[in-house]
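Visitor: Residue numbers for the first sequence, in our numbering: 13 to 429. All C-beta atoms, glycine included, are put in the ideal place defined by N, C-alpha and C. Quick caveat: nothing in here was measured; it's all calculated off a predicted structure. Below is the structure I would like to discuss, written out as structure tokens.
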Amino acid sequence: MKIGLPRGVQDILPEEIPYWHLIEKTARSIFEKYNYEEIRTPIFEYTELFVKGTGETTDIVMKEMYTFTDKKGRSLTLRPEGTPGVIRAYLTNKIYTSKPVWKVYYIGPMFRYERPQAGRYRQFHQLGVEVLGRKDPYIDFEVINIAVEILKSLELENIEVEINSLGCSQCRPKYREALKSYFSKYEDLLSPIDKERLERNPLRILDSKDEKVISLKEDAPQPLDFLCEDCKKHFDKVTNYLSIANLNYKINPKLVRGLDYYTRTVFEITTTTLGAQNAVVGGGRYDNLVETYGGPQIPGLGFALGIERLILLLKQQAKLGIEKQKLLFLAIEDENYLKKAIEISQVLQKNFKVEVGPLEEPLRAQLRLADKIGADFVLIINSSLIERNFIKIRDFKSGEEKNISIDNLIETLNTML
RNA sequence: GUGAACGUAGCUCAGGAUGGUAGAGCGCUGGGUUGUGGCCCCAGUGGUCGCGGGUUCAAGUCCCGCCGUUCACCCCA
Numbered sequence: 013m014k015i016g017l018p019r020g021v022q023d024i025l026p027e028e029i030p031y032w033h034l035i036e037k038t039a040r041s042i043f044e045k046y047n048y049e050e051i052r053t054p055i056f057e058y059t060e061l062f063v064k065g066t067g068e069t070t071d072i073v074m075k076e077m078y079t080f081t082d083k084k085g086r087s088l089t090l091r092p093e094g095t096p097g098v099i100r101a102y103l104t105n106k107i108y109t110s111k112p113v114w115k116v117y118y119i120g121p122m123f124r125y126e127r128p129q130a131g132r133y134r135q136f137h138q139l140g141v142e143v144l145g146r147k148d149p150y151i152d153f154e155v156i157n158i159a160v161e162i163l164k165s166l167e168l169e170n171i172e173v174e175i176n177s178l179g180c181s182q183c184r185p186k187y188r189e190a191l192k193s194y195f196s197k198y199e200d201l202l203s204p205i206d207k208e209r210l211e212r213n214p215l216r217i218l219d220s221k222d223e224k225v226i227s228l229k230e231d232a233p234q235p236l237d238f239l240c241e242d243c244k245k246h247f248d249k250v251t252n253y254l255s256i257a258n259l260n261y262k263i264n265p266k267l268v269r270g271l272d273y274y275t276r277t278v279f280e281i282t283t284t285t286l287g288a289q290n291a292v293v294g295g296g297r298y299d300n301l302v303e304t305y306g307g308p309q310i311p312g313l314g315f316a317l318g319i320e321r322l323i324l325l326l327k328q329q330a331k332l333g334i335e336k337q338k339l340l341f342l343a344i345e346d347e348n349y350l351k352k353a354i355e356i357s358q359v360l361q362k363n364f365k366v367e368v369g370p371l372e373e374p375l376r377a378q379l380r381l382a383d384k385i386g387a388d389f390v391l392i393i394n395s396s397l398i399e400r401n402f403i404k405i406r407d408f409k410s411g412e413e414k415n416i417s418i419d420n421l422i423e424t425l426n427t428m429l
């Protein structure tokens with residue numbers, strides 16, 4: 013019986029791994045330079061964590077979670093995003109008692125029950141950061157800057173940073189009401205989904221792609237006009253820092269994002285070349301989230317980046333500068349040299365990537381295998397050379413050959429490869 | 001969750017409107033040639049046509065259901 017693959021998940025085969033390593037390596041080194049430390053939280057948590065944090069009115073919680081009950085009847089959920097788990101870890105380990113600021117990053121799989129599509133899978137991977145304990149606008153800039161730096165280091169083109177502010181618990185309710193009363197006037201034009209949003213979460217209507225709503229949105233009240241003094245100042249400073257750093261951005265007053273916990277700064281990094289799934293990075297500030305979980309009043313913010321989407325972009329641009337280590341292949345003329353071959357291979361493998369051929373088989377078979385696995389150089393031990401303690405090396409792509417002394421084999425190879 | 005297209009050999013794909021139990025290229029295996037791989041030549045290997053059901057004397061082809069892929073909606077990373 014053949015067992016297939018569940019919908020929306022995939023194997024990441026060895027051929028793909030260089031992309032993953034490149035992204036992880038690049039991101040890690042940037043995170044470390046900004047003084048972020050890695051954290052690994054569980055893949056599943058209590059369902060409640062996401063319902064309270066991500067928000068019960070969000071699509072993620074309402075219809076996209078992988079939720080199950082364990083043998084004791086507890087409701088558990090495969091994490092659909094990284095932030096709630098990190099906040100939970102912050103509280104579980106009472107980090108706030110020892111560290112005024114906590115800056116962490118994570119890399120790992122997330123799970124959402126959605127219809128798969130280009131750049132959208134049921135198991136997908138994100139890397140991201142969370143900062144707890146800093147309310148100053150510089151840190152908003154830093155978080156955006158880190159995301160951009162990762163993309164720039166990977167030489168990505170056609171990316172755009174969009175930013176907006178959603179206000180705080182002081183000014184947001186006023187905006188919410190203004191938006192609600194504005195769209196209420198046009199309730200007849202709204203789709204059933206948008207009507208529901210009107211009650212539940214009017215900000216989300218700004219996200220609507222309904223044709224009729226798109227034109228209505230033009231004249232809708234904008235969150236930036238409703239910001240309180242403090243929020244306005246905060247936003248101005250963030251954008252000012254972006255300008256100082258020469259980081260191009262666009263203020264998008266309709267950017268609201270699909271998670272409930274955001275306050276003040278929200279941002280997205282999008283690309284024009286990924287079709288419908290154009291967001292590569294998303295993030296923002298969440299000054300009330302720690303409190304929502306019953307913790308102290310600690311401000312926070314972060315972003316998440318979709319690794320699969322980033323890989324799609326890297327492939328499109330075909331700019332991947334991943335160098336493969338040259339592969340050496342060791343072959344012998346006949347079995348008399350088997351012992352010698354094993355001795356040499358021991359030395360070689362301390363320094364190079366080496367495949368030892370099927371030494372009991374004819375040389376011809378050994379070489380054929382060398383060709384098939386794509387060897388770059390083949391070392392051949394044969395009778396005429398071994399007496400003088402020499403070995404033959406052939407550049408398998410060009411066919412060029414050389415005899416080199418076994419005594420300084422490593423040194424010679426180092427200069428050749 | 002909605003809509004559309006698609007699923008034939010290990011891979012890329014033909015065949016399908018007009019039903020008669022499958023083809024190509026590449027790959028793979030063996031042999032020839034080559035000191036000792038590639039190139040070339042010869043021979044061979046390949047498929048419950050995604051799965052299940054239905055119509056029919058007969059289904060890869062028509063119909064239905066399921067699974068999967070892709071794209072869009074939706075949503076987001």
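At which residues does the beta strand (DSSP E) containing D407 begin and terminate?
Guide: Taken as a continuous stretch (DSSP letters only), the beta strand (DSSP E) holding D407 covers 402 to 407.
Visitor: In angstroms, rounded to a whole number, what distance separates the CA positions of D231 and D237?
Guide: Each residue's Cα considered, the two are about 13 angstroms apart.
Visitor: Using only the alpha-carbon positions, how far apart do L425 and Q358 sit?
Guide: Each residue's alpha carbon lies about 15 angstroms from the other.
Visitor: Decide if the segment 99 to 112 is in contact with the segment 253 to 263; the criterion is three or more beta carbon pairs, one per stretch, under 8 angstroms apart.
Guide: At 8 angstroms Cβ cutoff, the stretches do not touch.
Visitor: Measuring alpha carbon to alpha carbon, tell me which residue in L360, A387, L379, L88 is nearest E57.
Guide: Measuring from the Cα of E57, the nearest candidate turns out to be L88.
Visitor: Taking DSSP as the reference, what is the three-state secondary structure of T53?
Guide: Three-state result, T53: coil.
Visitor: Please determine if the segment 336 to 343 and the segment 177 to 188 are in contact, where contact requires at least 3 C-beta pairs separated by less than 8 angstroms.
Guide: Not touching, per the Cβ criterion.
Visitor: Using the C-alpha atoms, what's the distance from A382 back to V390?
Guide: Roughly 7 angstroms between the two C-alpha positions.
Visitor: In the DSSP assignment, what are the bridge partners of M122?
Guide: DSSP lists F136 as partners of M122.
Visitor: V155 lies in the alpha helix (DSSP H); which residues open and close that run?
Guide: First-last of the alpha helix (DSSP H) with V155: 149 to 165.
Visitor: Measuring CB to CB, does Y31 end up less than 8 angstroms from L326?
Guide: Going by C-beta atoms, Y31 is nearer than 8 angstroms to L326.
Visitor: Secondary structure at A382, three-state DSSP: helix, strand or coil?
Guide: A382 falls in the helix class under three-state DSSP.
Visitor: Buried or exposed: which applies to G16, given that a residue is buried once 16 or more other Cβ atoms fall within 10 Å of its Cβ?
Guide: Classification of G16: exposed, given that the 10 Å Cβ count is below 16.
Visitor: Excluding the five sequence neighbours on either side, which residues of its own chain have a C-beta within less than 7 angstroms of the C-beta of Y298, listed in chain order?
Guide: So the qualifying residues of the chain are Y273, Y274, T275, G312, L313.
Visitor: Consider the C-beta atom of I42 and the heavy atoms of the ligand MN; say whether any pair is separated by less than 7 angstroms.
Guide: What this structure holds is no ligand at all, so the ligand MN is not there to describe.
Visitor: What number of angstroms, rounded off, separates the C-alpha of K414 from the C-alpha of I403?
Guide: Cα-Cα distance, rounded: 8 angstroms.
Visitor: Decide yes or no for the touch test of the segment 132 to 142 against the segment 107 to 118: beta carbon pairs closer than 8 angstroms, at least 3 of them.
Guide: Result yes; three or more Cβ-Cβ pairs closer than 8 angstroms.
Visitor: Please go through the same chain and pick out, in chain order, the residues whose beta-carbon is closer than 8 angstroms to the beta-carbon of E438, but skip the five residues on each side of it.
Guide: No statement about residue 438 is possible, as the shown extent of the chain runs from 13 to 429 and does not include it.
Visitor: Can you give the Cα-Cα distance for I323 and E172, rounded to whole angstroms?
Guide: Distance between the alpha carbons of I323 and E172 is about 17 angstroms.
Visitor: Closer than 8 angstroms by C-beta to K111: which residues in its own chain qualify, once you throw out the five before and the five after it? Chain order, please.
Guide: Cβ within range, chain order: G145.
Visitor: Terminal residues of the continuous alpha helix (DSSP H) containing Y46?
Guide: That residue, Y46, is in no alpha helix (DSSP H); it is neither H nor E in DSSP.
Visitor: I'd like to confirm the pairing. Which residues does DSSP put opposite G314 in its beta bridges?
Guide: Its beta-bridge partners are E142, G296.
Visitor: Hey, would you say F123 sits closer than 8 angstroms to R91, going by beta carbons?
Guide: Yes. Within cutoff.
Visitor: Where does K83 fall in DSSP's three states?
Guide: In this structure, K83 counts as coil in the three-state DSSP scheme.
Visitor: Ordered along the chain, which non-local residues of its own chain (more than five positions away) have a Cβ less than 7 angstroms from that of V250?
Guide: Taken in chain order, the residues that qualify are P149, D152, F153, T277.
Visitor: Quick one: measure Cβ to Cβ for L317 and T66, integer angstroms, because I've assumed they're closer than 8 angstroms.
Guide: Contact doesn't hold; Cβ gap of about 18 angstroms is too wide.
Visitor: Does the distance from the C-beta atom of I319 to that of I35 stay below 8 angstroms?
Guide: Cβ distance < 8 angstroms, so I319 and I35 count as in contact.
Visitor: Could you check what DSSP says for K244 in three-state terms: helix, strand or coil?
Guide: Helix at K244.
Visitor: Considering only the beta carbon of each residue, do L210 and S196 sit closer than 8 angstroms?
Guide: Closer than 8 angstroms, so yes.
Visitor: Please report the residue range of the alpha helix (DSSP H) in which L360 lies.
Guide: It spans 350 to 360 - the alpha helix (DSSP H) in which L360 sits, taken as one unbroken run.
Visitor: How big is the Cα-Cα spacing for A288 and G131?
Guide: Approximately 9 angstroms, taken between the alpha carbons.
Visitor: How is Y58 classed by DSSP in three states: helix, strand or coil?
Guide: Y58: strand per DSSP, three-state reduction.
Visitor: Can you tell me where the beta strand (DSSP E) holding F279 begins and where it ends?
Guide: From DSSP, the beta strand (DSSP E) with F279 extends over 275 to 283.
Visitor: Going by DSSP, name the residue or residues bridged to I226.
Guide: According to DSSP, which records beta bridges pairwise, I226 is partnered with nothing at all.
Visitor: Compute the distance between the beta-carbons of V293 and F315, then report whether it is under 8 angstroms.
Guide: Yes, these two residues count as a Cβ contact at 8 angstroms.
Visitor: Can you give me the C-alpha to C-alpha distance between E28 and R184, rounded to a whole angstrom?
Guide: Rounded to the nearest angstrom, the two C-alpha atoms are 44 angstroms apart.
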